[in-house]
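Presented below is the structure to which this report refers.
Protein chains in written order, with my numbering: chain C, 1 to 404; chain L, 1001 to 1182.
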């Protein structure tokens, strides 16, 4: 059946054929120290394969769990099922086309994945972005952050077996997504940010929908949170699960809500301000527990801060153009630029190199989901198999970004 | 741009730098040899007056002539991003020390650089392919990898016409490698 060693008293199931492609143990000798260590079974241990098609993996992810009874001993995520080679595609596209390739990386928060390459390219070309465009970017992306966090809440509850929260959070998300569709013309992959500004000014439909929604958003979100915040089953299950302390989180180079839930107040919007964030007032919520519950509650606090930012944007929005005057064909002079932004999952960054042609020479995209997924292995040992889904959901990875 | 930061870096690492420190926008760039990576990054991470506790990004780069490993770091002590470029890795056998002893989370980023560029990170205990299948032979983000040629060897290697633009069919193979002026 498998190539694994098992204790002699282990009752083996006899199969008359091979198990097929998703047998947990790879059909070749171990390539590295770690792989050899992982794929050697101790006494009473066994492997179990989760995915690549599994509802709790938020995309196409395969995880090999090494278990002892019901307890997880170690795990090995196997990536690459969604790998499209976005970086290579961007090198073969011009600067405008490259932006729309980055859209589907984090497909629930596309405005953020557009934003970091746009800033990097603007730095390469020394473009000054009009202030109104910067405000529109902040406004639309904070809306997108709320939509993304709302979806996080729904997905996480769904992974734990609760169906109601996802139906409630989709109400919020749908309203925001409809608003953004009125603004950008798309519901998911917006392709709205341009080098030097945004594609199109705020319009009447967007503003009236936004005004309508803002008047009841805080109340509605609070009501949705009440479903989980006051749910004893949920709270007792999430508390103390998947704990990671501040020092380890920094060593694992975690960012965003997952790092702040461990007590490190690192937010790129404040740590290395970009756009108009220095002019806006908002707090950086942190929590010290570093467990799944803290990561959930922290995101709910972030929604409130996003509402504050949106409110300020609406009040401070200056008049003026939304695009800088730029040539159609862009050939920045040779150079390098790095830009990082705070996405809903953490720091998203782009490192772009120009060689003087109209295509980026190298475009590196750093995605927070990729980084966070590798720390699941640190959080899991000692917990139950069913908790793998809870821990993974609390880190909120998007496989489009993990696999690039 | 943090001018005083440049002076501080020059005073601390003067002899180990292999090129001038460059600053543009909110970025400071220093170039070092691959042999100094461990010493310099440890100093940047540990010394309180530098305090670069946060590894923001780790990327491999193929310049067409040499390979590079590029680290982006963040610290409270400066308003700039610090870019450390470990320059001059040979394209035939690129080797760089691993930084997983400082940031365990660099492990997957190094695996990605290995997968895409073939850079061997000495000291990384899990250096296997991460995106491409284990029996894959080439390194897709290298500049001498052309979708039209190399990908065709793997199953289902269809290429869209747009991606062919860099490969004139009659060009000599040496000229195909796109390079950046240094």
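Just so it is clear, CB atoms sit at the ideal spot from N, CA and C, and this is done for glycine as well.
Interface flag for residue 1079 of chain L against chain C is set, since a Cβ pair is found closer than 9 Å.
Residue 1082 of chain L is bridged by DSSP to L:1028, L:1073. For residue 26 of chain C and residue 148 of chain C, the gap between their C-alpha atoms comes out near 35 Å. In the displayed model, residue 190 of chain C falls within coil according to three-state DSSP, outside both helix and strand. The C-beta of residue 1090 of chain L has fewer than 16 other C-beta atoms within 10 Å across all chains shown, which makes the residue exposed.
Going by C-alpha positions, residue 58 of chain C is about 44 Å away from residue 1017 of chain L. Residue 1021 of chain L does not reach chain C, its nearest Cβ partner there being about 13 Å away, counting only Cβ pairs nearer than 7 Å. Taking one beta carbon from each stretch, the stretch 227-238 of chain C and the stretch 375-384 of chain C have fewer than 3 pairs nearer than 8 Å; the two do not touch. The continuous beta strand (DSSP E) containing residue 335 of chain C extends over residues 335-342. For residue 354 of chain C, no alpha helix (DSSP H) run applies; the uninterrupted beta strand (DSSP E) run containing it begins and ends at 347-354, by DSSP. Within the same chain, 191 come within 6 Å of residue 100 of chain C by CB-CB distance, once the 5 residues on both sides are set aside. For a cut-off of 8 Å, the C-beta gap from residue 287 of chain C to residue 261 of chain C is around 5 Å, short enough to register as a contact.
In the displayed model, residue 239 of chain C falls within coil according to three-state DSSP, outside both helix and strand. Sequence-distant Cβ neighbours of residue 1129 of chain L in its own chain, meaning closer than 8 Å and more than five residues away, are 1111, 1114, 1115, 1136. Contacts with chain C at 9 Å (Cβ-Cβ) include residue 1024 of chain L. Here residue 102 of chain C really is in contact with residue 114 of chain C; their C-beta atoms are around 6 Å apart, less than 8 Å. For residue 1096 of chain L, the enclosing beta strand (DSSP E) covers residues 1095-1097.
About 6 Å separates the CB atoms of residue 357 of chain C and residue 331 of chain C; that is less than 8 Å, so the two are in contact. DSSP, reduced to helix, strand and coil, places residue 166 of chain C within a helical segment of the structure shown.
Within the stretch 351-366 of chain C, 351, 353, 355, 361, 362, 364, 366 place their CB atoms closer than 7 Å to a CB of chain L, listed in sequence order.
When DSSP states are grouped into helix, strand and coil, residue 285 of chain C belongs to the coil group. The C-beta of residue 349 of chain C comes closer than 9 Å to at least one C-beta of chain L.
Restricting attention to C:369, C:342, C:399, C:299, the CA atom closest to the CA of residue 150 of chain C is found in C:299. For chain C, the residues of the stretch 1043-1074 of chain L that bring a beta carbon within less than 9 Å of one of its beta carbons are 1053, 1054, 1055, 1056, 1057, 1058, 1059, 1060, 1061, 1062, 1063, 1064, 1070, 1072, 1074, in chain order.
Note that the stretch 237-256 of chain C does not touch the stretch 318-332 of chain C; fewer than 3 beta-carbon pairs, one per stretch, sit closer than 8 Å. Under the three-state reduction of DSSP output, residue 203 of chain C falls in the coil class, being neither helix nor strand.
Annotation: residue 1097 of chain L has no Cβ neighbours in chain C at a cutoff of 9 Å; minimum Cβ distance is about 16 Å.
Listed in chain order, the positions of the stretch 255-278 of chain C with a beta carbon within less than 8 Å of a beta carbon of chain L are 266, 271, 272.
Below the 8 Å Cβ cutoff, chain C contributes 374 as neighbours of residue 1107 of chain L, in chain order.
A Cβ-Cβ contact shorter than 9 Å links residue 346 of chain C with residue 372 of chain C. DSSP, read as helix, strand or coil, puts residue 43 of chain C in coil.
Under the three-state reduction of DSSP output, residue 61 of chain C falls in the coil class, being neither helix nor strand. Between residue 1122 of chain L and residue 1080 of chain L, the CB-CB gap reaches or exceeds 9 Å. Shown here, residue 195 of chain C sits in coil according to DSSP, grouped into three states, outside any helix or strand. Within 7 Å of the CB of residue 340 of chain C, the CB atoms of chain L belong to 1056, in sequence order along the chain. Pairing residue 141 of chain C with residue 252 of chain C gives a Cβ-Cβ distance that is not under 9 Å.
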